[in-house]
Structure formats: C-alpha cells, structure tokens
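Student: The following block contains the structure, expressed as structure tokens.
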Amino acid sequence: MLGLDNIERVKPGGLELKDRLVAVNRVTKVTKGGRAFGFSAIVVVGDEAGTIGFGLGKSKEVASAIAKAVEDAKKNLVKVPVMNHTIPHQTSARYGGADIFLRPASHGTGLIAGGAVRAVLESAGVHDILSKSKGSSNPHNVVKATFKALLDIRRPEEIARMRGVSLTKVFNG
Numbered sequence: 110m111l112g113l114d115n116i117e118r119v120k121p122g123g124l125e126l127k128d129r130l131v132a133v134n135r136v137t138k139v140t141k142g143g144r145a146f147g148f149s150a151i152v153v154v155g156d157e158a159g160t161i162g163f164g165l166g167k168s169k170e171v172a173s174a175i176a177k178a179v180e181d182a183k184k185n186l187v188k189v190p191v192m193n194h195t196i197p198h199q200t201s202a203r204y205g206g207a208d209i210f211l212r213p214a215s216h217g218t219g220l221i222a223g224g225a226v227r228a229v230l231e232s233a234g235v236h237d238i239l240s241k242s243k244g245s246s247n248p249h250n251v252v253k254a255t256f257k258a259l260l261d262i263r264r265p266e267e268i269a270r271m272r273g274v275s276l277t278k279v280f281n282g
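Residue numbers (our numbering): 110 to 282.
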C-alpha cells in the first residue's frame with residue numbers, strides 16, 4: 110500500500126468494520142456537450158482495535174463512489190499497535206506535501222486531531238493522542254501520511270526482543 114516492509118496485513122472476514130467518510134470531491138470534465146460531473150471519495154475503515162484501512166472510489170454518483178471506496182478500503186487492511194488507547198511512542202511521517210506528527214498522551218487527554226487524521230485515529234481505536242498536521246491539508250495525502258506514521262511504530266514486544274530485555278525494562282528504563 111505505502112511501500113513498507115513490516116506491515117501486518119489483515120483479512121476483512123469476521124471483523125466488525127466501521128467506515129468513516131473522510132472527503133468527497135466533485136470533479137468536472139468539460140466536453141463538447143457540456144459539463145460532466147464525477148465524484149471521488151476517500152474512506153477509512155477500522156474495527157477500533159488496531160485494524161485500519163483506507164480506500165478511494167470514483168463514480169458518477171456520490172453513493173456509489175463511497176461504496177467503491179469502502180470496498181477498496183477492506184482490501185487494504187493493516188494492523189497498527191494500539192496500547193491503552195494510545196500509541197507506544199511518538200512518530201512522524203511525510204507523504205507528498207502533508208507532514209503528520211503523532212505523540213502518545215496520558216489517559217483522559219482525548220483525541221487531539223482534526224479532519225482526516227481524526228478519522229484514521231478513531232478507526233484505529235486511539236482515544237488519547239496529540240497530533241499536528243503541517244504542510245498540505247489535502248485529505249488524500251494527510252490520510253496516507255497518517256497511515257505511514259502509524260505503520261512506522263514499532264511494538265514494545267519487538268523492541269524488548271531486539272534489546273534482549275524484559276518488557277517492563279523497555280518502559281521503565
């Protein structure tokens with residue numbers, strides 16, 4: 110999907126996925142016979158437990174563009190690490206002109222994110238996080254940058270195994 114190697118892909122069967130519409134874009138093609146309108150939609154789906162995916166759909170009607178986007182999103186499901194309703198460590202990523210920064214937050218902080226970033230994080234099941242979107246606000250690139258940032262996160266178990274220490278030592282030094 111975004112060219113990363115350590116992605117854990119997930120099959121949609123048996124998951125209760127909720128879809129969130131991020132953006133709908135009306136596209137106009139001017140022809141000899143007048144204007145032809147089309148629509149593109151970007152949708153994020155997730156089970157609110159760490160499994161998320163995004164998809165793009167295009168059609169002459171809004172409803173069918175959204176339906177196509179949901180189907181595309183279900184084909185691209187990935188697993189991201191969510192611990193205690195936040196992420197294990199801070200991360201940032203850039204996709205196109207969009208630059209996203211994510212930082213874990215303590216319980217009760219809430220989801221400090223706007224627009225496309227909020228849709229992705231809600232679908233992943235993150236409730237406490239601090240985020241900042243810099244650069245482009247194009248929803249397509251913001252969603253892809255957020256996915257890239259979430260997929261860059263390493264699981265604490267993996268870090269403990271690499272260092273050869275216990276999981277408590279990773280968090281408590």
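All C-beta atoms in this analysis are idealised placements derived from N, C-alpha and C, irrespective of residue type, glycine included. Predicted model, so just to flag it, every value in this text is computed and none were measured.
Between the beta-carbon of Y185 and the beta-carbon of F163, is there less than 8 Å?
Tutor: Sequence inspection shows Asn at residue 185; the Tyr mentioned does not correspond to that position. Yes, they are a contact pair.
Student: Are S242 and V251 close, meaning C-beta to C-beta below 8 Å?
Tutor: Contact flag set, yes.
Student: Does DSSP put T218 in a helix, in a strand, or in coil?
Tutor: Looking at T218 - three-state DSSP - the assignment turns out to be coil, as it is neither helix nor strand.
Student: Starting from P197, trace the alpha helix (DSSP H) in both directions and tell me its first and last residue.
Tutor: Careful: P197 lies outside any alpha helix (DSSP H) and carries neither H nor E.
Student: Given a cut-off of 8 Å, decide if R264 and P197 are closer than it, judged by their beta-carbon atoms.
Tutor: For P197 and R264, yes; Cβs fall inside 8 Å.
Student: So the candidates are L126, A258 and E231; which of them puts its Cα closest to the Cα of A207?
Tutor: Selected option, being the one with the closest Cα: A258.
Student: So the candidates are V139, V274, K127 and G166; which of them puts its Cα closest to the Cα of A233?
Tutor: Closest by alpha carbon: K127.
Student: Select from I268, R272, V274 and I151 the residue whose C-alpha is nearest the C-alpha of P190.
Tutor: Closest by alpha carbon: I268.
Student: Going by DSSP in three states, P213 sits in which element: helix, strand or coil?
Tutor: Note: P213 maps to strand in three-state DSSP.
Student: Give the range of the beta strand (DSSP E) segment to which V152 is assigned.
Tutor: Run containing V152: G143 to G155, per the beta strand (DSSP E) assignment.
Student: Whose C-beta lies closer than 6 Å to the C-beta of A132 among residues of the same chain, with five residues either side of it excluded?
Tutor: Closer than 6 Å at the Cβ level, and outside the excluded window around A132, lie I151 and P248.
Student: What does the alpha-carbon distance come out to for the pair V124 and H194?
Tutor: Going by the sequence as given, residue 124 is Leu instead of Val. Answer to the nearest angstrom: the Cα atoms are 19 Å apart.
Student: Drop a sphere of 10 angstroms on the beta-carbon of L260, count the other beta-carbons inside from all chains shown, and report buried for 16 or more, exposed for fewer.
Tutor: The residue in question, L260, is buried, as its Cβ has 16 or more Cβ neighbours within 10 Å.
Student: Near A222, which residues of its chain fall below 7 Å by C-beta distance, leaving aside the five closest residues on each side in sequence?
Tutor: Excluding residues within five positions, the ones whose Cβ falls inside 7 Å are L230, I238 and S240.
Student: May I ask you to report which of helix, strand or coil DSSP gives R263?
Tutor: R263: coil per DSSP, three-state reduction.
Student: Determine the direct distance from the alpha carbon of H216 to that of T160, and round the result to whole angstroms.
Tutor: Using only the alpha carbons, I get a separation of about 21 Å.
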